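Colleague:
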Amino acid sequence: MMLRIFGCLLVVQGLASPQPNPPTWPSSVRVFGVEDPVGMIQSAVNEAYRINGGQSPSDHGQFSSERFAFLFKPGHYNVEVPVGYYTQV
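Spelled out as structure tokens, the structure:
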């Protein structure tokens with residue numbers, strides 16, 4: 000019985016399509032490395048905050064359909080990251 004279950008698992012695993020590594024992220028997800036220009040990082044963050052910041056007009060990002068995620072590889076970054084609604088860092 001144990002051998003049969005193991006055999007079925009191998010077949011199911013073989014049918015699954017391999018996932019890319021790193022994954023293919025949607026355009027709303029940005030992955031930054033220390034080699035990226037600070038201006039480019041700051042520009043992307045500022046644009047997301049402009050859309051979902053919630054400052055002017057008041058709470059404009061609260062009901063936005065836009066979502067953003069900024070992922071930073073290990074290292075030191077000299078950027079300011081204001082976080083608005085629906086933004087993950």
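So for the sequence shown, numbering that gives the first Met the number 0 puts the first residue at 0; every next one is plus one.
Glycine residues also receive a C-beta, built at the ideal position from the N, C-alpha and C atoms.
Note that the coordinates shown come from a computational prediction; the quantities given were computed from them, not determined experimentally.
1) State the beta-bridge partners of ARG49 as determined by DSSP.
2) From the DSSP output, in three-state form, read off ALA15 for me.
3) Along the chain, where does the beta strand (DSSP E) containing PHE31 start, and where does it finish?
4) Could you say which of ASN20, PHE31 and ALA15 lies nearest to VAL80 if we only look at CA atoms?
5) Is there at least one Cβ from chain B nearer than 8 Å to TYR48's Cβ?
Modeller: The answer reads as follows:
1) Along the sequence shown, one-based indexing puts residue 49 at 50. ARG49 is not bridged to any residue.
2) Working through the sequence shown from its first residue, we reach residue 15 at position 16. Note: ALA15 maps to coil in three-state DSSP.
3) What you label residue 31 is simply residue 32 of the sequence shown in a count that begins at 1. Residues 28-31.
4) The count along the sequence shown starts at 1 and reaches residue 80 at position 81. Nearest C-alpha to VAL80: PHE31.
5) Among the chains of the structure shown, chain B does not appear; only one protein chain is present.
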